[in-house]
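So the mapping is simple: our numbering equals the position in the sequence shown, first residue as 1, plus 384.
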Amino acid sequence: MNKRNKVKHLNREKGHRDALINNMITSLFKYERIESTQAKLKVVRSHAEKIITRAKKNLGDVAPEIKLHNKREVLKRVKDRNIVTKLFEDIAVRFANTNGGYTRILKLVNRPSDNSEVGILELTNRKDRPTLLKEIRDKREVFSDEKKAKAAKEAPPKKERVPKKVAAEKKKTTVAPKKKAAAKPKKKK
């Protein structure tokens, strides 16, 4: 029984799971939007919200040692210093007047290969703002159509099928008559 397990294991060992979460958080702050399965996005969202809150603590008049401590805590999760700088100087400023709810998960159509639930995790206060789900789906459909057209061009031409011959045109073969089995003599009692 899995009682009181607060950690979502995501079917991975601890080191692999931590690396996965750190990489996804880094990508989220770099591109301000990532696409993955719902289970992974829910885990990443909770970590990302805490990191943004930690970055917001550096706004205003804060002691230098507190600022340094907050940056070091964020660097435990986000491995790229340029992205940490972007987080503290750009993203935290955008969310200065927001109390939580910095990210949202948009649900997409299930992945056809394994029918897993797929979604998009994005910052709510993005700069470019193409968040309409319809636009995302249209882009996916256009991409899949282009991919199919490209595959059709690269595929070798199919051989033409020769129609099957009509039964009347086939040669009639004669079968030798079967030999009748010789009558077996009856046994006397």
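Each residue gets a CB set at the ideal place from its N, CA and C atoms; glycine is no exception.
What you are looking at is a predicted structure, and each value in this text was computed from that prediction instead of being measured.
Under the three-state reduction of DSSP, Lys562 is assigned to coil, being neither helix nor strand. In its chain, beyond the 5 residues on either side, Ile504, Leu505, Glu506, Leu507, Arg510 have a beta carbon closer than 8 angstroms to the beta carbon of Arg417. With three or more CB-CB distances shorter than 8 angstroms, the stretch 397-409 counts as touching the stretch 425-436. With respect to Asn442, Asn454 sits close: the two C-beta atoms are nearer than 8 angstroms. Per DSSP, Val391 lies in no alpha helix (DSSP H) and is assigned neither H nor E. Runs of the alpha helix (DSSP H) lying entirely within the stretch 435-472 and spanning at least 4 residues, in chain order: 448-459, 465-470.
Excluding residues up to 5 positions away in sequence, Phe413 lie with their Cβ nearer than 7 angstroms to the Cβ of Lys470 in the same chain.
The C-alpha of Asn481 is placed about 16 angstroms away from the C-alpha of Asp445.
Per DSSP, the continuous beta strand (DSSP E) segment holding Ser420 begins and ends at 417-421.
Look at Arg401 here: in three-state DSSP terms it is helix.
Between the alpha carbons of Lys392 and Lys534 lies a gap of roughly 40 angstroms. Nearest in C-alpha terms to Ala423, of all of Arg396, Arg478, Lys537, Ala439, is Arg396. By the neighbour-count definition (other C-beta atoms within 10 Å, threshold 16), Ser420 is a buried residue.
Taking C-beta atoms as the reference points, Ile409 and Arg456 fail to come closer than 8 angstroms. In terms of Cα proximity to Asn494, the closest of Thr487, Val502, Arg488 is Val502. Spanning the alpha carbons of Lys463 and Ser411 requires a straight line of approximately 11 angstroms.
For Glu506, the three-state secondary structure derived from DSSP is strand.
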